[in-house]
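Below is one structure, written out as structure tokens; comments come after it.
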Amino acid sequence: MAKAKDKDKHAGGTIALNKRARHEYHIDQRYEAGIALQGWELKALRAGRINFGDGYAVVLKGEIFLVGTSIPPLISASTHVIAEDRRTRKLLLHKQEIDQLIGAVERKGYTLVPIAMYWKGNKVKVEIGLARGKQAHDKRDAEKERDWQREKQRTMRAHNREV
């Protein structure tokens with residue numbers, strides 16, 4: 001019997017993380033959204049070509065769009081298409097989720113920030129967070145807490161080696 005073809009090696013894997021979002025914002029809720037992509041964009045994502053850092057989500061006419069995320073095209077994959085790497089991409093959510101997000105953004109002053117992009121089966125999903133901006137002292141407190149946790153782990157490992 002023939003050997004079964006290896007399924008997509010990226011299935012379930014993370015494409016990109018937005019570490020800056022966790023540093024800049026308090027993330028209150030997370031939502032999983034699909035994203036409308038073109039063929040050349042999928043090929044570029046499989047090659048790991050994405051820049052998430054400046055991305056954010058906006059509400060336009062009752063829909064949510066991802067803005068500022070750059071997916072640079074592969075030269076070989078997009079020969080017949082004029083590729084725009086920073087185009088606005090539509091996020092696919094249920095109507096109820098969109099209504100909740102619109103209410104939070106317009107009434108409570110939240111921001112929609114992309115947190116992660118990953119494969120779910122053969123689909124690309126984007127995790128967006130309902131976020132509030134951190135102030136400088138909040139960022140310093142978070143950094144101190146992270147350093148303290150790291151130091152505590154080092155001490156515990158050193159202690160466990162001795163025993």
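Using UniProt numbering, you'd call the opening residue of the sequence shown number 1 and step up by one each time.
For every residue, glycine included, the Cβ atom is placed at its ideal position computed from N, Cα and C.
As the structure is a prediction and not an experimental result, all values here were calculated from the model.
Sort I82, G53, D99 and G39 by Cα distance to E63 and report the nearest one. D99
At which residues does the alpha helix (DSSP H) containing R20 begin and terminate? K19 to E24
For L112, count the other beta carbons within 10 Å of its own beta carbon; 16 or more makes it buried, fewer makes it exposed. Which is it? buried
Give me, in chain order, the residues of the same chain whose beta-carbon lies closer than 6 Å to that of A104; leave out the 5 immediate sequence neighbours on both sides. Y110 and L130
So, at 6 Å on beta carbons, what are the nonlocal neighbours of S70 in its own chain, with the 5 sequence-adjacent residues on each side left out? N51, D85 and R86
With H, G and I counted as helix, E and B as strand and the rest as coil, what does DSSP make of G68? coil
Based on the DSSP output, what are the partners of I35 in its beta bridges? L91
Nearest-angstrom Cα distance between V124 and K134? 29 Å
Report the three-state DSSP secondary structure of D138 (helix, strand or coil). helix
If we ignore side chains and look at the alpha-carbon of each, how far apart do L93 and G34 end up? 7 Å
Under a three-way DSSP split, which group does R49 fall into? coil
Simplified DSSP assignment, three categories, for I27: strand
Taking only three categories from DSSP, how would you classify R132? strand
Since A47 contacts L74 with CB under 8 Å, what's their CB separation in whole angstroms? 6 Å
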